[in-house]
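So the structure is just underneath, and the comments pick up after that.
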Amino acid sequence: MSQSGSGDGEQARIVVGVDGSANSRTALRWAARQARLSGAALEVIIAWHYPVFYGWAPGPQEFDFGAAAEQALSQSVEEVLGADRPAALRTRVAQGNAAQVLVDASAGAQLLVVGSRGYGGFADALLGSVSTYCVHHAHCPVTVIRPAGHHHG
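Under the numbering used here, the residues of the sequence shown are numbered 238 to 390, in order.
This is the structure we're talking about:
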């Protein structure tokens, strides 16, 4: 059964964040399967930002962070979905903090799916900073995909 994300007749939407990592591709695979099962549109988002330098900073940057993010997004979608892409697929590259970009994108969504690396301090040890932020601030339910081989206990 398909549900509208905003109540105005538009197709329900599942949002998934990717970053080029193996675990984000696992999250994308899970989200795509859920979109097929529920009839929802799939929105795949990657976020990027300029690195912050303290003290000494290198000269003018020739590196195009937006283009690198676009390439990582395209590679993830191609590797995970290939020709078996959902009919309603949207990809988006957004400049900004990944956690905030995903929370903003969760407005009106049926579900937000994020991977969890588990890097970070003690508070983030179980999830990860982006997934923790999303769980606490998203405007819809959140599914956190743990790394393969991770066991509780």
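Glycine included, each C-beta is placed from N, C-alpha and C at the ideal position. All of these numbers come straight from a predicted model, not from anything done at the bench.
Of 377, 378, 325, the smallest CA-CA separation from residue 269 is found for 325. For residue 307, the uninterrupted alpha helix (DSSP H) run begins and ends at 302-318, by DSSP.
Taking a C-beta distance under 7 Å as the contact criterion, residue 342 and residue 282 qualify as a contact pair. When DSSP states are grouped into helix, strand and coil, residue 332 belongs to the strand group.
Straight-line spacing of the CA atoms in residue 262 and residue 303 works out to 19 Å.
Taking the C-beta atoms as reference points, residue 351 is found nearer than 7 Å to residue 381. In the structure shown, the three-state DSSP call for residue 277 is coil.
Residue 372: not part of any beta strand (DSSP E); member of the alpha helix (DSSP H) spanning 366-374, first to last residue. A straight line joining the alpha-carbon of residue 321 with that of residue 255 spans about 18 Å.
In this structure, DSSP gives residue 255 a state outside helix and strand, which the three-state scheme calls coil. When C-alpha distances from residue 330 are compared across 257, 248, 250, the shortest belongs to 257.
C-alpha of residue 278 to C-alpha of residue 306: approximately 22 Å in a straight line.
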